[in-house]
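Below is one structure, written out as structure tokens; the observations come after it.
Here it is as structure tokens:
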């Protein structure tokens, strides 16, 4: 299960990547897309929406289940990936790159520090495997 | 519970692994949720033919001079009216009218009946049967001896004849025949959970894998393929077939669940009859309806339905229909908002609301 080193993660399987100029890209992890199976639609906030860290901001629907998307950071949505709306399967095929959901402008980069590192997230996945 | 390795394998476990099945624990068994993908498998059943491993289902035999009488006491439908060789869908109710389980009764004779019960309810049902009517006849749980393979789709009748011979042809819906396969007795029933033609085969474990693989080989030109639990759910949902635990349970009765046709109040006494008579007299307060979402958003079990600010119902099952390409669902909706044509709002877990229209069942009609 791929977990890119330069991304940050949540316990609810979102990823956040610091781009530049206080912009953070957000998506779901490879683990999340794999658990969901074939993704058929997404429901995302709009550009200009304020989102708050820890709050549900959208939904990912696969053929078999729906899962809330939780904001990993607080800020204002600057951009929404139209590609994942038109072709949700891209979330399955490329969750960390082409399958990004939204870009959020954050105030203060320090809120990224609370998120899991790649190592933390990998350890969490490892423990989940053991519990199963 | 979520570890497939702790769940029991069916007789077809190795076949599923070879076919790339994604195994999940389900009712104590390890079963494939999908192979190539839920939507593709779903459409294969609608257009060609698919094989389902439904070995997790339970089989309970009722035998003896009073076997039919015992079954009649348990079930709401009228088994006495069914001729030998008929299969009958029926709920079994608690005294207060709640549903213990829904099942199919196969009547060989008045002294020999077999009941196929839901996997998750197998132990509960068996105990209920024994407690209620165990003194009237012999009741045996045969579940561990039998595998079950469902063959469903427009090409299923052709495939069944190719593999099982002429005795598998010309069968009316909801009938069954005892046949031989490799010198072993099997039962072919023209029942199913998809709305398509075909049947379900009760086969002793020893020859289950041979039968499964012969169905795949002889159906290759018919575009046969194995189908997982995921598509089994979307297929039944398009047909408005209830799923125990989702749409019906001990807190719902058959009259409000839209299966009132299975309740035969005039057949004589049975467990739950008095309560169901009362429900009928008092009138329903809610009913299970089918709906289509008019917009984006997939309904899921537990989502609320609203008329303005009023909470008028709750979703019991929902999916994106692979056949219709629109979100569909089943829900209990209160009177008077449960009429066909009514538009209500589906609440997508507080994110937003989308309109849903109540429609006449079934949501999908198989092409003849």
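Protein chains in written order, with my numbering: chain U, 36 to 167; chain P, -2 to 365.
Virtual Cβ for every residue (Gly too), placed ideally from N, Cα, C.
Asked: Cross-strand partners of residue 137 of chain P (DSSP beta bridge); Found: P:58
Asked: Cutoff 8 angstroms: residue 46 of chain U Cβ touching any chain P Cβ; Found: no
Asked: Simplified DSSP assignment, three categories, for residue 355 of chain P; Found: strand
Asked: Host alpha helix (DSSP H) of residue 35 of chain P (start-end); Found: 35 to 44
Asked: Residue 188 of chain P, DSSP secondary structure in three states; Found: coil
Asked: Contact the stretch 118 to 129 of chain U vs the stretch 331 to 345 of chain P: 3+ CB pairs below 8 angstroms; Found: no
Asked: Partner residues on chain C for residue 91 of chain U, Cβ-Cβ distance less than 9 angstroms; Found: Among the protein chains in the structure shown, which are U and P, there is no chain C.
Asked: Simplified DSSP state of residue 175 of chain P, which is helix, strand or coil; Found: strand
Asked: First and last residue of the uninterrupted alpha helix (DSSP H) at residue 125 of chain P; Found: 119 to 130
Asked: Inter-stretch contact at 8 angstroms, needing at least 3 Cβ pairs: the stretch 67 to 84 of chain U / the stretch 98 to 107 of chain U; Found: yes
Asked: C-beta neighbour in chain U for residue 359 of chain P, strict 8 angstroms; Found: no
Asked: Beta carbon of residue 361 of chain P nearer than 8 angstroms to that of residue 236 of chain P; Found: yes
Asked: Nonlocal neighbours in the same chain, by C-beta distance under 6 angstroms from residue 122 of chain P, ignoring five residues either side; Found: 98, 114
Asked: Interface flag, residue 60 of chain U vs chain P, CB-CB below 8 angstroms; Found: no
Asked: Contacting positions in the stretch 69 to 91 of chain U - beta carbon closer than 7 angstroms to chain P; Found: 72, 73, 75, 76, 78, 91
Asked: Simplified DSSP assignment, three categories, for residue 163 of chain P; Found: helix
Asked: Test: residue 229 of chain P CB closer than 8 angstroms to a CB of chain U; Found: no
Asked: Three-state secondary structure (DSSP) of residue 96 of chain U; Found: strand
Asked: Cβ neighbour criterion (16 or more within 10 Å) applied to residue 258 of chain P; Found: exposed
Asked: Minimum C-alpha distance to residue 384 of chain P - residue among P:26, P:45, P:5, P:37; Found: Residue 384 of chain P falls outside the range modelled here, since chain P spans only -2 to 365, and no answer is possible.
Asked: Rounded separation between residue 352 of chain P and residue 155 of chain P - CA only; Found: 42 angstroms
Asked: Neighbour-count burial assignment, residue 78 of chain P, 16 or more Cβ in a 10 Å radius; Found: exposed
Asked: Residue 112 of chain U at chain P interface by Cβ criterion, 8 angstroms; Found: no
Asked: Chain-ordered neighbours of residue 36 of chain P on chain U, where CB pairs are closer than 9 angstroms; Found: 73, 75, 98
Asked: Status (buried if at least 16 other CB within 10 Å, exposed otherwise) for residue 345 of chain P; Found: buried
Asked: Under 8 angstroms by beta carbon: chain U residues contacting residue 293 of chain P; Found: 76, 78
Asked: Residue 94 of chain U: contacting residues in chain P (beta-carbon distance under 9 angstroms); Found: 294, 295, 345, 346, 348
Asked: According to DSSP, residues forming a beta bridge with residue 6 of chain P; Found: P:27
Asked: Residues that residue 103 of chain U contacts on chain P, provided the C-beta gap is smaller than 9 angstroms; Found: 346, 348
Asked: Beta strand (DSSP E) runs wholly inside the stretch 124 to 154 of chain U, at least 3 long, in chain order; Found: 137 to 140
Asked: Near-chain U residues of the stretch 312 to 327 of chain P (beta-carbon distance less than 8 angstroms), N- to C-terminal order; Found: 316, 317, 319
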